[in-house]
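Notes to accompany the following structure.
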Amino acid sequence: MSKAPTHLPKHVAIIMDGNGRWAKKRHLPREAGHYAGMGAVRETVRAACDMGLENLTLFAFSSENWKRPKTEVGALMALFRVYFRSDMDELVERNVRMRIIGHRGRVAGDIHQMILDSESRTAQNTGMNLTFAFDYGGQEEIVAATRELARAAAEGRLDPETITPELFAQRLFTNALPEPDLVIRTSGEHRLSNFLLWQSAYAELLFVDTLWPDFGRDALQKAIESFAARERRFGAVNSEAVA
Ligand code: FPP
Numbered sequence: 637m638s639k640a641p642t643h644l645p646k647h648v649a650i651i652m653d654g655n656g657r658w659a660k661k662r663h664l665p666r667e668a669g670h671y672a673g674m675g676a677v678r679e680t681v682r683a684a685c686d687m688g689l690e691n692l693t694l695f696a697f698s699s700e701n702w703k704r705p706k707t708e709v710g711a712l713m714a715l716f717r718v719y720f721r722s723d724m725d726e727l728v729e730r731n732v733r734m735r736i737i738g739h740r741g742r743v744a745g746d747i748h749q750m751i752l753d754s755e756s757r758t759a760q761n762t763g764m765n766l767t768f769a770f771d772y773g774g775q776e777e778i779v780a781a782t783r784e785l786a787r788a789a790a791e792g793r794l795d796p797e798t799i800t801p802e803l804f805a806q807r808l809f810t811n812a813l814p815e816p817d818l819v820i821r822t823s824g825e826h827r828l829s830n831f832l833l834w835q836s837a838y839a840e841l842l843f844v845d846t847l848w849p850d851f852g853r854d855a856l857q858k859a860i861e862s863f864a865a866r867e868r869r870f871g872a873v874n875s876e877a878v879a
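Counting along the sequence shown from 1, when you hit position 112 you're at 748 in the working numbering, and nothing is skipped either side.
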């Protein structure tokens, strides 16, 4: 078991990127990179549980990923099926609560059912919250929340003056989670790519060169150590400066 870092973030969110490049470097099809990426998901989830992390969110499939070639989308969906079938027992054993954030209505019926089953099987678990962003887009999420509030206002159920950031956040998929305090993106790209746009307002962003299939226990530990070394001020000045 890895040593628990002294200053754990409450919520780590990861943009898992670089599966394709990992495969290309090995002259393998992109699908092989995604398969290896599933291994990194397993290792990272295990490490996060062992460290005592409370919330881990992984960007598994964006609403833009549907634009990829049909064969690649098919391979990714096949992997999600494998994952839901093979890993739920371990998640239950580890007392993990698993949830999905995202559109839900566009995935195949059997995957939708697996999501519902996995969520209900782990709903009473009290350990780490593991959230997969799946068919997820941050702008879409914000627009849906806005539409809901606008409808309530138009129907006279809501006074627009009472809309606050907190009220707005309650309409997001992540309403049950604290905001991520550390967002990691692998593979050397410096973008958020429509991931947790609202929720990451004050998150520390960490971009690492590691390709996702090479990410795991050590990389997570290092990321958390680097988070612990940063000073977070939330727009204020640090306590020493005001003392
Ligand atoms: C980005 O790599 C990654 C994805 C589009 C999907 C993430 C999927 C996994 C990690 C696989 C399995 C996940 C689960 C939950 C079972 P990329 O293909 O964009 O890489 P590239 O930028 O190098 O082409």
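The beta-carbon is built from N, C-alpha and C at its ideal position, and this holds for glycine as well.
According to DSSP, which residues form a beta bridge with residue i?
i, result
"Ile751", "DSSP lists no partner for Ile751."
"Ile767", "Per the sequence shown, residue 767 should be read as Thr rather than Ile. Answer by DSSP bridge pairing, in chain order: Thr693 and Arg735."
"Leu841", "Val819"
Give me the Cβ distance between residue i and residue j, rounded to the nearest whole Å; I'm assuming they're in contact under 8 Å.
i, j, result
"Ile778", "Leu833", "7 Å"
"Phe697", "Leu712", "6 Å"
So what's residue i in DSSP terms, helix, strand or just coil?
i, result
"Asp795", "coil"
"Val728", "helix"
"Lys639", "Confidence in Lys639 is poor, its pLDDT being 49 and thus under 50, which makes the residue's placement too unreliable to answer from."
"Tyr772", "strand"
"Ser722", "helix"
"Ser699", "coil"
"Arg757", "helix"
"Val779", "helix"
"Arg787", "helix"
"Thr707", "helix"
"Trp848", "helix"
"Arg742", "coil"
"Ala879", "Bear in mind that the predicted position of Ala879 carries a pLDDT of just 46, short of 50, making it unreliable; the figure below should be weighed with that in mind. Residue state, collapsed to three classes: coil."
"Arg910", "This structure cannot settle anything about residue 910, because the visible part of the chain is limited to 637 through 879."
"Phe716", "helix"
"Leu832", "coil"
What are the start and end residues of the beta strand (DSSP E) that includes residue i?
i, result
"His670", "Careful: His670 lies outside any beta strand (DSSP E), inside the alpha helix (DSSP H) at Arg666 to Met687."
"Val873", "Neither: Val873 is in no beta strand (DSSP E) and is coded neither H nor E."
"Ala649", "His647 to Ile651"
What are the boundary residues of the alpha helix (DSSP H) that includes residue i?
i, result
"Leu644", "Taken as a continuous stretch (DSSP letters only), Leu644 belongs to no alpha helix (DSSP H), as it is neither H nor E."
"Lys660", "Asn655 to Lys661"
"Phe863", "Arg853 to Ala865"
"Phe804", "Pro801 to Gln806"
Please tell me whether, using a cut-off of 7 Å, the distance from the CB of residue i to the nearest non-hydrogen atom of ligand 3 is below it.
i, result
"Ala711", "No copy of ligand 3 occurs in the structure displayed; its ligands are ligand 1 alone."
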